[in-house]
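What follows is a single structure, written as C-alpha coordinates, with notes after it.
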Amino acid sequence: MATITKRIVDATQPASRDLFLWDDELAGFGLKVTPAGTKVYLYQYRMTRPGMAKACPTKRYTIGRHGDLTPMQARARAKELAAMVAQGTDPRQRELDQFKAADDAKRKADEKARIETELAFDRLAQLWLEHYEFEKERSPKSVALARLVVNGYLTPALGNKPTPHIGRADLQPIIDKIPTAKRGMRRAVFTYASILFGWAHRRGNIAENPLPAMDKPEAPKARDRVLSDDELAAVWTASAKLSDPFGPFFRLLILTGQRRSEVAEISWSELDRANALWTIPASRAKNGAAHIVPLSPTALAELDSLALAQQINAKAKKPDGSKWPIVGYALTTTGYSPISGITKAKTALDTAISEARKEAGGSLAPWRIHDLRRSLATGFQRLGVRFEVTEATLNHISGAKGGVAGIYQRHDWREEKRSALEAWARHIEAIIRPADQDNVVPIRA
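Under full-length UniProt numbering, the residue at position 343 of the sequence shown is numbered 343, and the numbers go up by one with no gaps.
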(Lines of atoms letter the chains of each structure in order from A; the text may use other names.)
(Lines give C-alpha, C1' and ligand atoms only; values in the text may rest on other atoms or scores of the structure.)
Protein backbone atom coordinates (compact mmCIF):
# COMPACT_ATOMS: atom_id res chain seq x y z
CA MET A 1 0.00 0.00 0.00
CA ALA A 2 1.12 3.56 -0.61
CA THR A 3 -0.24 7.03 -0.84
CA ILE A 4 -1.54 7.42 -4.38
CA THR A 5 0.17 10.43 -5.93
CA LYS A 6 0.94 11.42 -9.50
CA ARG A 7 4.52 10.23 -9.08
CA ILE A 8 3.38 6.82 -7.84
CA VAL A 9 0.74 6.49 -10.56
CA ASP A 10 3.18 7.40 -13.35
CA ALA A 11 5.80 4.99 -11.98
CA THR A 12 3.46 1.99 -11.69
CA GLN A 13 3.98 -0.37 -14.62
CA PRO A 14 1.50 -2.93 -16.02
CA ALA A 15 1.82 -6.63 -15.20
CA SER A 16 0.58 -9.78 -16.88
CA ARG A 17 -2.78 -9.32 -15.21
CA ASP A 18 -4.72 -6.50 -13.53
CA LEU A 19 -2.62 -4.80 -10.87
CA PHE A 20 -4.28 -3.03 -7.92
CA LEU A 21 -2.64 -0.34 -5.81
CA TRP A 22 -4.57 0.74 -2.67
CA ASP A 23 -4.16 4.05 -0.90
CA ASP A 24 -2.91 3.88 2.69
CA GLU A 25 -4.63 7.12 3.73
CA LEU A 26 -8.19 6.76 2.32
CA ALA A 27 -9.63 3.28 2.78
CA GLY A 28 -11.10 1.87 -0.42
CA PHE A 29 -9.41 4.37 -2.77
CA GLY A 30 -7.23 2.61 -5.30
CA LEU A 31 -5.69 2.39 -8.76
CA LYS A 32 -6.14 -0.45 -11.25
CA VAL A 33 -3.54 -0.96 -13.99
CA THR A 34 -4.53 -3.32 -16.81
CA PRO A 35 -2.04 -5.45 -18.79
CA ALA A 36 -2.58 -3.00 -21.65
CA GLY A 37 -1.38 -0.14 -19.47
CA THR A 38 -4.75 1.54 -18.84
CA LYS A 39 -4.86 3.15 -15.38
CA VAL A 40 -8.22 3.56 -13.68
CA TYR A 41 -9.10 5.05 -10.28
CA LEU A 42 -11.44 2.94 -8.12
CA TYR A 43 -13.34 3.08 -4.90
CA GLN A 44 -13.94 -0.26 -3.14
CA TYR A 45 -16.59 -0.58 -0.42
CA ARG A 46 -19.11 -2.77 1.39
CA MET A 47 -22.70 -1.82 2.21
CA THR A 48 -22.56 -3.26 5.72
CA ARG A 49 -25.43 -4.30 7.90
CA PRO A 50 -25.31 -4.57 11.71
CA GLY A 51 -23.52 -7.78 12.65
CA MET A 52 -23.13 -8.84 8.99
CA ALA A 53 -20.15 -6.83 7.75
CA LYS A 54 -18.21 -9.82 6.48
CA ALA A 55 -21.27 -11.33 4.83
CA CYS A 56 -21.82 -8.27 2.65
CA PRO A 57 -20.19 -8.44 -0.80
CA THR A 58 -17.37 -6.14 -1.82
CA LYS A 59 -18.25 -3.69 -4.58
CA ARG A 60 -16.06 -1.53 -6.76
CA TYR A 61 -16.98 1.81 -8.25
CA THR A 62 -15.01 3.12 -11.23
CA ILE A 63 -14.14 6.75 -10.61
CA GLY A 64 -12.42 7.43 -13.94
CA ARG A 65 -9.28 7.06 -16.02
CA HIS A 66 -5.92 8.54 -15.10
CA GLY A 67 -5.33 11.43 -17.46
CA ASP A 68 -8.98 12.39 -17.45
CA LEU A 69 -8.61 12.81 -13.70
CA THR A 70 -5.61 13.73 -11.55
CA PRO A 71 -4.92 11.71 -8.38
CA MET A 72 -6.16 14.66 -6.31
CA GLN A 73 -9.45 14.85 -8.24
CA ALA A 74 -9.91 11.09 -7.98
CA ARG A 75 -9.20 11.21 -4.22
CA ALA A 76 -11.76 13.98 -3.74
CA ARG A 77 -14.37 11.91 -5.59
CA ALA A 78 -13.48 8.85 -3.48
CA LYS A 79 -14.09 10.88 -0.31
CA GLU A 80 -17.56 11.82 -1.63
CA LEU A 81 -18.29 8.15 -2.28
CA ALA A 82 -17.06 7.17 1.19
CA ALA A 83 -19.42 9.74 2.71
CA MET A 84 -22.33 8.30 0.70
CA VAL A 85 -21.54 4.78 1.91
CA ALA A 86 -21.31 6.02 5.49
CA GLN A 87 -24.82 7.44 5.09
CA GLY A 88 -26.13 4.12 3.75
CA THR A 89 -26.23 5.06 0.06
CA ASP A 90 -24.83 2.57 -2.45
CA PRO A 91 -22.95 4.63 -5.11
CA ARG A 92 -23.28 1.97 -7.80
CA GLN A 93 -26.98 1.47 -7.15
CA ARG A 94 -27.59 5.20 -7.12
CA GLU A 95 -25.81 5.54 -10.45
CA LEU A 96 -27.88 2.67 -11.87
CA ASP A 97 -31.02 4.34 -10.58
CA GLN A 98 -29.95 7.60 -12.18
CA PHE A 99 -29.29 5.85 -15.49
CA LYS A 100 -32.68 4.15 -15.29
CA ALA A 101 -34.42 7.40 -14.41
CA ALA A 102 -32.70 9.14 -17.32
CA ASP A 103 -33.65 6.27 -19.64
CA ASP A 104 -37.25 6.36 -18.42
CA ALA A 105 -37.36 10.11 -18.86
CA LYS A 106 -36.02 9.82 -22.41
CA ARG A 107 -38.47 7.05 -23.23
CA LYS A 108 -41.36 9.12 -21.90
CA ALA A 109 -40.15 12.16 -23.81
CA ASP A 110 -39.88 10.10 -27.00
CA GLU A 111 -43.36 8.67 -26.45
CA LYS A 112 -44.73 12.14 -25.76
CA ALA A 113 -43.13 13.42 -28.96
CA ARG A 114 -44.54 10.44 -30.89
CA ILE A 115 -48.00 11.01 -29.49
CA GLU A 116 -47.84 14.71 -30.30
CA THR A 117 -46.73 14.07 -33.89
CA GLU A 118 -47.70 10.63 -35.20
CA LEU A 119 -50.83 10.42 -33.05
CA ALA A 120 -51.92 14.03 -33.38
CA PHE A 121 -55.63 13.86 -34.25
CA ASP A 122 -55.44 15.85 -37.48
CA ARG A 123 -52.69 13.56 -38.80
CA LEU A 124 -54.28 10.31 -37.65
CA ALA A 125 -57.69 11.36 -38.99
CA GLN A 126 -56.28 11.91 -42.48
CA LEU A 127 -54.62 8.50 -42.32
CA TRP A 128 -57.96 6.98 -41.37
CA LEU A 129 -59.71 8.71 -44.26
CA GLU A 130 -57.28 7.09 -46.71
CA HIS A 131 -57.82 3.73 -45.01
CA TYR A 132 -61.61 4.17 -45.02
CA GLU A 133 -61.75 5.05 -48.70
CA PHE A 134 -59.47 2.34 -50.07
CA GLU A 135 -59.84 -0.57 -47.64
CA LYS A 136 -63.20 -1.48 -49.16
CA GLU A 137 -65.17 -0.33 -52.18
CA ARG A 138 -66.85 2.61 -50.48
CA SER A 139 -69.48 4.60 -52.33
CA PRO A 140 -68.46 8.15 -53.25
CA LYS A 141 -71.28 9.50 -51.06
CA SER A 142 -70.06 7.59 -48.00
CA VAL A 143 -66.47 8.77 -48.54
CA ALA A 144 -67.64 12.36 -49.06
CA LEU A 145 -69.66 12.25 -45.83
CA ALA A 146 -66.68 10.83 -43.92
CA ARG A 147 -64.50 13.68 -45.21
CA LEU A 148 -67.16 16.23 -44.28
CA VAL A 149 -67.35 14.88 -40.73
CA VAL A 150 -63.56 14.83 -40.28
CA ASN A 151 -62.67 18.08 -42.04
CA GLY A 152 -65.81 20.03 -41.19
CA TYR A 153 -66.49 19.00 -37.60
CA LEU A 154 -63.85 16.86 -35.87
CA THR A 155 -60.55 18.38 -36.98
CA PRO A 156 -61.60 22.03 -36.50
CA ALA A 157 -62.50 21.18 -32.89
CA LEU A 158 -59.73 18.72 -32.01
CA GLY A 159 -56.84 20.04 -34.12
CA ASN A 160 -53.52 18.38 -33.34
CA LYS A 161 -54.49 17.21 -29.87
CA PRO A 162 -52.97 13.77 -29.17
CA THR A 163 -55.64 11.20 -30.01
CA PRO A 164 -54.94 9.09 -26.89
CA HIS A 165 -55.83 12.15 -24.80
CA ILE A 166 -59.21 12.70 -26.49
CA GLY A 167 -62.20 11.59 -24.46
CA ARG A 168 -65.94 12.00 -24.18
CA ALA A 169 -65.53 15.49 -22.75
CA ASP A 170 -63.83 16.53 -26.00
CA LEU A 171 -66.28 14.83 -28.36
CA GLN A 172 -69.65 15.59 -26.79
CA PRO A 173 -69.40 19.39 -27.32
CA ILE A 174 -68.80 18.81 -31.04
CA ILE A 175 -72.13 17.03 -31.33
CA ASP A 176 -73.89 19.46 -28.98
CA LYS A 177 -72.95 22.41 -31.22
CA ILE A 178 -74.82 20.87 -34.17
CA PRO A 179 -78.45 22.10 -34.12
CA THR A 180 -80.85 19.44 -32.88
CA ALA A 181 -82.88 19.94 -36.04
CA LYS A 182 -79.97 18.49 -38.01
CA ARG A 183 -80.43 14.98 -36.67
CA GLY A 184 -78.83 13.41 -39.69
CA MET A 185 -75.58 15.33 -39.29
CA ARG A 186 -75.47 14.79 -35.51
CA ARG A 187 -75.86 11.09 -36.13
CA ALA A 188 -73.27 11.10 -38.93
CA VAL A 189 -70.65 12.85 -36.76
CA PHE A 190 -71.19 10.31 -33.98
CA THR A 191 -71.12 7.33 -36.36
CA TYR A 192 -68.01 8.29 -38.31
CA ALA A 193 -66.18 9.40 -35.15
CA SER A 194 -66.94 5.98 -33.66
CA ILE A 195 -65.58 4.24 -36.75
CA LEU A 196 -62.43 6.39 -36.67
CA PHE A 197 -61.71 5.88 -32.96
CA GLY A 198 -62.56 2.18 -33.21
CA TRP A 199 -59.96 1.87 -35.98
CA ALA A 200 -57.39 3.71 -33.85
CA HIS A 201 -58.15 1.39 -30.92
CA ARG A 202 -57.65 -1.75 -33.03
CA ARG A 203 -54.30 -0.36 -34.19
CA GLY A 204 -53.19 0.14 -30.61
CA ASN A 205 -53.07 3.93 -30.94
CA ILE A 206 -55.55 4.49 -28.11
CA ALA A 207 -56.53 2.45 -25.06
CA GLU A 208 -60.26 2.54 -25.79
CA ASN A 209 -62.88 3.99 -28.10
CA PRO A 210 -64.74 6.68 -26.12
CA LEU A 211 -67.83 6.72 -28.36
CA PRO A 212 -69.64 3.54 -27.18
CA ALA A 213 -69.96 5.08 -23.71
CA MET A 214 -71.70 8.15 -25.16
CA ASP A 215 -75.38 8.60 -25.98
CA LYS A 216 -75.98 8.03 -29.67
CA PRO A 217 -77.91 10.92 -31.24
CA GLU A 218 -81.42 10.18 -32.39
CA ALA A 219 -81.77 9.05 -35.98
CA PRO A 220 -83.56 11.38 -38.40
CA LYS A 221 -87.24 10.72 -38.70
CA ALA A 222 -87.91 8.55 -41.70
CA ARG A 223 -89.56 10.60 -44.42
CA ASP A 224 -92.68 9.25 -46.02
CA ARG A 225 -93.67 12.18 -48.24
CA VAL A 226 -95.07 10.94 -51.52
CA LEU A 227 -96.30 13.36 -54.15
CA SER A 228 -99.79 12.73 -55.42
CA ASP A 229 -100.51 12.54 -59.14
CA ASP A 230 -101.79 16.11 -58.98
CA GLU A 231 -98.59 17.26 -57.27
CA LEU A 232 -96.37 15.37 -59.72
CA ALA A 233 -98.23 17.02 -62.57
CA ALA A 234 -97.69 20.42 -60.93
CA VAL A 235 -93.95 19.80 -60.62
CA TRP A 236 -93.71 18.57 -64.20
CA THR A 237 -95.65 21.52 -65.61
CA ALA A 238 -93.78 24.13 -63.57
CA SER A 239 -90.41 22.64 -64.58
CA ALA A 240 -91.02 23.98 -68.07
CA LYS A 241 -90.59 27.49 -66.68
CA LEU A 242 -87.07 26.79 -65.49
CA SER A 243 -84.08 27.66 -67.62
CA ASP A 244 -82.44 24.68 -69.28
CA PRO A 245 -81.11 22.26 -68.28
CA PHE A 246 -82.92 22.42 -64.93
CA GLY A 247 -86.32 21.64 -66.42
CA PRO A 248 -85.08 18.38 -67.98
CA PHE A 249 -83.23 17.61 -64.72
CA PHE A 250 -86.44 17.55 -62.67
CA ARG A 251 -88.35 15.70 -65.36
CA LEU A 252 -85.65 13.00 -65.59
CA LEU A 253 -85.80 12.64 -61.81
CA ILE A 254 -89.52 11.94 -62.10
CA LEU A 255 -89.15 9.56 -65.05
CA THR A 256 -86.19 7.49 -63.81
CA GLY A 257 -86.48 7.57 -60.02
CA GLN A 258 -82.71 7.78 -59.67
CA ARG A 259 -80.84 9.78 -57.06
CA ARG A 260 -80.31 13.51 -57.36
CA SER A 261 -76.53 13.32 -57.79
CA GLU A 262 -76.77 10.43 -60.24
CA VAL A 263 -79.08 12.39 -62.53
CA ALA A 264 -77.24 15.71 -62.09
CA GLU A 265 -73.91 14.18 -63.11
CA ILE A 266 -75.17 12.01 -65.97
CA SER A 267 -72.65 11.95 -68.82
CA TRP A 268 -73.19 11.10 -72.46
CA SER A 269 -70.68 8.26 -72.18
CA GLU A 270 -73.08 6.50 -69.78
CA LEU A 271 -75.94 6.68 -72.27
CA ASP A 272 -76.79 4.27 -75.07
CA ARG A 273 -79.53 5.67 -77.29
CA ALA A 274 -79.64 2.70 -79.64
CA ASN A 275 -80.54 0.35 -76.78
CA ALA A 276 -82.28 3.00 -74.66
CA LEU A 277 -80.05 2.33 -71.66
CA TRP A 278 -78.32 4.41 -69.04
CA THR A 279 -75.49 2.70 -67.13
CA ILE A 280 -74.56 4.37 -63.86
CA PRO A 281 -70.98 3.25 -63.05
CA ALA A 282 -70.18 1.79 -59.65
CA SER A 283 -68.03 4.83 -58.85
CA ARG A 284 -71.13 7.05 -58.98
CA ALA A 285 -73.72 4.73 -57.46
CA LYS A 286 -74.48 5.21 -53.77
CA ASN A 287 -74.14 1.51 -52.96
CA GLY A 288 -71.03 1.08 -55.10
CA ALA A 289 -72.78 -1.25 -57.56
CA ALA A 290 -73.07 -0.42 -61.27
CA HIS A 291 -76.70 0.13 -62.22
CA ILE A 292 -78.52 -0.18 -65.55
CA VAL A 293 -81.54 2.07 -66.06
CA PRO A 294 -83.74 1.40 -69.12
CA LEU A 295 -84.90 4.65 -70.71
CA SER A 296 -88.54 5.14 -71.62
CA PRO A 297 -89.44 6.95 -74.85
CA THR A 298 -90.35 9.98 -72.74
CA ALA A 299 -86.91 9.98 -71.09
CA LEU A 300 -85.27 9.57 -74.51
CA ALA A 301 -87.17 12.63 -75.71
CA GLU A 302 -85.81 14.68 -72.80
CA LEU A 303 -82.27 13.59 -73.62
CA ASP A 304 -82.82 14.28 -77.32
CA SER A 305 -83.79 17.85 -76.43
CA LEU A 306 -80.63 18.23 -74.34
CA ALA A 307 -78.45 16.89 -77.16
CA LEU A 308 -80.12 19.21 -79.65
CA ALA A 309 -79.65 22.24 -77.39
CA GLN A 310 -75.95 21.47 -76.95
CA GLN A 311 -75.48 21.12 -80.70
CA ILE A 312 -77.25 24.41 -81.33
CA ASN A 313 -75.10 26.13 -78.70
CA ALA A 314 -72.03 24.65 -80.38
CA LYS A 315 -73.32 25.99 -83.73
CA ALA A 316 -73.41 22.57 -85.35
CA LYS A 317 -74.14 22.66 -89.09
CA LYS A 318 -76.93 20.09 -88.91
CA PRO A 319 -78.24 19.80 -85.35
CA ASP A 320 -79.91 16.46 -84.72
CA GLY A 321 -81.19 15.55 -81.25
CA SER A 322 -81.15 11.85 -82.06
CA LYS A 323 -77.36 11.98 -82.39
CA TRP A 324 -76.06 12.21 -78.87
CA PRO A 325 -72.57 13.46 -78.00
CA ILE A 326 -69.99 10.86 -77.02
CA VAL A 327 -68.41 12.80 -74.18
CA GLY A 328 -69.36 15.54 -71.76
CA TYR A 329 -72.27 16.02 -69.41
CA ALA A 330 -75.88 15.83 -70.50
CA LEU A 331 -76.94 18.37 -67.88
CA THR A 332 -74.50 21.27 -67.92
CA THR A 333 -74.47 25.05 -67.97
CA THR A 334 -70.74 25.37 -68.59
CA GLY A 335 -70.17 22.72 -71.23
CA TYR A 336 -67.49 21.02 -69.14
CA SER A 337 -68.99 20.37 -65.70
CA PRO A 338 -72.28 19.00 -64.33
CA ILE A 339 -74.99 21.36 -63.20
CA SER A 340 -74.74 23.09 -59.84
CA GLY A 341 -77.10 25.40 -58.02
CA ILE A 342 -79.75 22.71 -57.69
CA THR A 343 -81.05 24.15 -54.41
CA LYS A 344 -81.56 27.50 -56.10
CA ALA A 345 -83.33 25.79 -59.00
CA LYS A 346 -85.59 23.93 -56.53
CA THR A 347 -86.53 27.27 -54.97
CA ALA A 348 -87.36 28.68 -58.41
CA LEU A 349 -89.42 25.58 -59.17
CA ASP A 350 -91.37 25.94 -55.91
CA THR A 351 -92.04 29.58 -56.75
CA ALA A 352 -93.37 28.63 -60.19
CA ILE A 353 -95.57 25.92 -58.64
CA SER A 354 -96.94 28.33 -56.02
CA GLU A 355 -97.80 30.93 -58.65
CA ALA A 356 -99.57 28.36 -60.80
CA ARG A 357 -101.50 26.82 -57.91
CA LYS A 358 -102.39 30.22 -56.48
CA GLU A 359 -104.47 30.83 -59.56
CA ALA A 360 -106.19 27.49 -58.95
CA GLY A 361 -106.76 28.33 -55.29
CA GLY A 362 -104.47 25.67 -53.81
CA SER A 363 -100.90 25.19 -52.61
CA LEU A 364 -98.29 22.43 -52.62
CA ALA A 365 -97.12 21.04 -49.29
CA PRO A 366 -93.34 21.23 -48.71
CA TRP A 367 -91.42 18.52 -50.54
CA ARG A 368 -87.86 17.47 -51.19
CA ILE A 369 -86.16 16.26 -54.34
CA HIS A 370 -85.73 12.77 -52.85
CA ASP A 371 -89.52 12.58 -52.49
CA LEU A 372 -89.70 12.15 -56.28
CA ARG A 373 -87.82 8.88 -55.93
CA ARG A 374 -90.21 7.68 -53.23
CA SER A 375 -93.14 8.78 -55.40
CA LEU A 376 -91.93 6.56 -58.25
CA ALA A 377 -91.67 3.58 -55.89
CA THR A 378 -95.21 4.20 -54.66
CA GLY A 379 -96.41 4.68 -58.23
CA PHE A 380 -94.86 1.34 -59.19
CA GLN A 381 -96.82 -0.29 -56.38
CA ARG A 382 -100.05 1.22 -57.70
CA LEU A 383 -99.19 -0.05 -61.16
CA GLY A 384 -98.72 -3.59 -59.86
CA VAL A 385 -94.94 -3.74 -60.26
CA ARG A 386 -93.25 -6.53 -58.30
CA PHE A 387 -91.29 -5.48 -55.23
CA GLU A 388 -88.08 -7.00 -56.63
CA VAL A 389 -88.43 -4.92 -59.79
CA THR A 390 -88.96 -1.73 -57.80
CA GLU A 391 -85.88 -2.47 -55.69
CA ALA A 392 -83.86 -3.24 -58.82
CA THR A 393 -85.00 0.00 -60.46
CA LEU A 394 -83.98 2.02 -57.40
CA ASN A 395 -80.69 0.08 -57.11
CA HIS A 396 -81.49 -0.92 -53.56
CA ILE A 397 -79.58 -3.78 -51.95
CA SER A 398 -82.17 -5.02 -49.49
CA GLY A 399 -83.59 -8.38 -48.55
CA ALA A 400 -84.38 -9.02 -52.19
CA LYS A 401 -80.79 -8.58 -53.34
CA GLY A 402 -78.62 -8.70 -50.23
CA GLY A 403 -76.79 -11.50 -48.44
CA VAL A 404 -77.03 -15.05 -49.73
CA ALA A 405 -79.93 -14.11 -51.97
CA GLY A 406 -77.72 -11.60 -53.76
CA ILE A 407 -75.09 -14.28 -54.37
CA TYR A 408 -77.38 -16.85 -55.94
CA GLN A 409 -80.01 -14.63 -57.56
CA ARG A 410 -78.15 -12.90 -60.40
CA HIS A 411 -81.14 -11.87 -62.55
CA ASP A 412 -80.87 -8.14 -63.30
CA TRP A 413 -84.59 -7.59 -64.05
CA ARG A 414 -83.63 -5.44 -67.04
CA GLU A 415 -86.69 -6.13 -69.15
CA GLU A 416 -89.00 -5.96 -66.15
CA LYS A 417 -87.48 -2.61 -65.23
CA ARG A 418 -88.02 -1.40 -68.78
CA SER A 419 -91.68 -2.40 -68.72
CA ALA A 420 -92.19 -0.72 -65.36
CA LEU A 421 -90.44 2.52 -66.34
CA GLU A 422 -92.32 2.71 -69.64
CA ALA A 423 -95.63 2.18 -67.82
CA TRP A 424 -94.63 4.87 -65.32
CA ALA A 425 -93.78 7.26 -68.16
CA ARG A 426 -97.18 6.60 -69.74
CA HIS A 427 -98.79 7.30 -66.39
CA ILE A 428 -96.89 10.60 -66.06
CA GLU A 429 -97.94 11.58 -69.58
CA ALA A 430 -101.52 10.79 -68.65
CA ILE A 431 -101.61 12.85 -65.45
CA ILE A 432 -100.18 15.95 -67.10
CA ARG A 433 -103.09 15.85 -69.57
CA PRO A 434 -106.26 16.96 -67.74
CA ALA A 435 -108.50 14.94 -70.01
CA ASP A 436 -106.67 11.71 -69.26
CA GLN A 437 -106.15 11.97 -65.48
CA ASP A 438 -107.89 8.63 -64.84
CA ASN A 439 -105.74 6.80 -67.33
CA VAL A 440 -103.55 4.68 -65.06
CA VAL A 441 -102.11 1.74 -66.95
CA PRO A 442 -101.48 -1.31 -64.71
CA ILE A 443 -98.79 -3.78 -65.73
CA ARG A 444 -97.42 -7.13 -64.65
CA ALA A 445 -93.66 -6.85 -64.20
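Positions of the beta carbon are idealized from the N, C-alpha and C atoms, including for glycine.
In this text, all values refer to a predicted model and were calculated from it rather than measured experimentally.
At least three beta-carbon pairs within less than 8 Å, the stretch 138–145 to the stretch 99–109: no
Could you pull out every residue in the same chain whose Cβ sits closer than 6 Å to the Cβ of Ala109, ignoring the five residues on either side in sequence? none
Take the Cβ of Gly30 as the centre, count every other Cβ of all protein chains shown within 10 Å, and call the residue buried at 16 or more, exposed below. buried
Grab me the residues of Cys56's own chain with a C-beta within less than 7 Å of its C-beta, minus the 5 sequence neighbours each way, in chain order. Arg46, Met47, Thr48 and Arg49
State the DSSP-derived secondary structure class of His165, mapped to helix, strand or coil. helix
Would you give the residue range spanned by the alpha helix (DSSP H) that Arg147 belongs to? Pro140 to Val149
Three-state secondary structure assigned by DSSP to Gln44: strand
Considering only the alpha carbon of each residue, which of Arg368, Glu391 and Pro248 lies closest to Val343? Just to set this straight, residue 343 is Thr in the shown sequence, not Val. It is Arg368.
Straight-line Cα distance separating Val85 from Thr58: 12 Å
Quick check: Arg186 and Ala219, are their CB atoms within less than 7 Å of each other? no
Contact under 7 Å by Cβ, Leu119 with Asn205: yes
Quick one, are the C-beta atoms of Ala125 and Thr89 less than 7 Å apart? no
Could you please give the first and the last residue of the uninterrupted alpha helix (DSSP H) stretch that includes Gly204? Per DSSP, Gly204 belongs to no alpha helix (DSSP H) and is neither H nor E.
Straight-line CA distance for Leu96 to Ala78? 18 Å
With 16 as the cutoff for other CB atoms within 10 Å, does His427 come out buried or exposed? buried
How would you label Phe99, buried or exposed, when you count the other beta carbons within 10 angstroms and need 16 or more for buried? exposed
In angstroms with no decimal places, state the Cα-to-Cα distance between Arg259 and Ala238. 20 Å
Residue nearest to Ile175 in terms of C-alpha spacing, selected from Ile166, Lys216 and Ile353: Lys216
Buried or exposed: where does Arg251 fall if 16 or more other Cβ atoms within 10 Å of its Cβ makes it buried? buried
Less than 6 Å between the CB of Arg183 and some heavy atom of the ligand ATP, yes or no? This structure does not include the ligand ATP; it has no bound ligands of any sort.
CA-CA distance, Leu196 and Ile166? 12 Å
Once you ignore the five residues that flank Pro173 on each side, which residues in its own chain have a CB closer than 8 Å to its CB? Ala157
Starting from Val263, follow the alpha helix (DSSP H) in both directions and report where the run begins and ends. Arg260 to Ala264
What first and last residue would you give for the alpha helix (DSSP H) that runs through Tyr132? Phe121 to Glu135
Reduced DSSP category for Asp371 - H, G, I as helix; E, B as strand; rest coil: helix
Would you identify the three-state DSSP class for Lys358, choosing helix, strand or coil? helix
Return helix, strand or coil for His396, following the three-state DSSP convention. coil
Indicate the three-state DSSP secondary structure (helix, strand or coil) for Val189 in the structure shown. helix
Quick check on DSSP: helix, strand or coil for Val33? strand
Reducing DSSP to helix, strand and coil, say where Leu242 ends up. coil
Judging by CA-CA distance, which residue of Arg107, Arg284 and Glu302 is the nearest neighbour of Glu137? Arg284
From the DSSP output, in three-state form, read off Val293 for me. strand
Kindly indicate which three-state DSSP category Trp324 falls into: helix, strand or coil? coil
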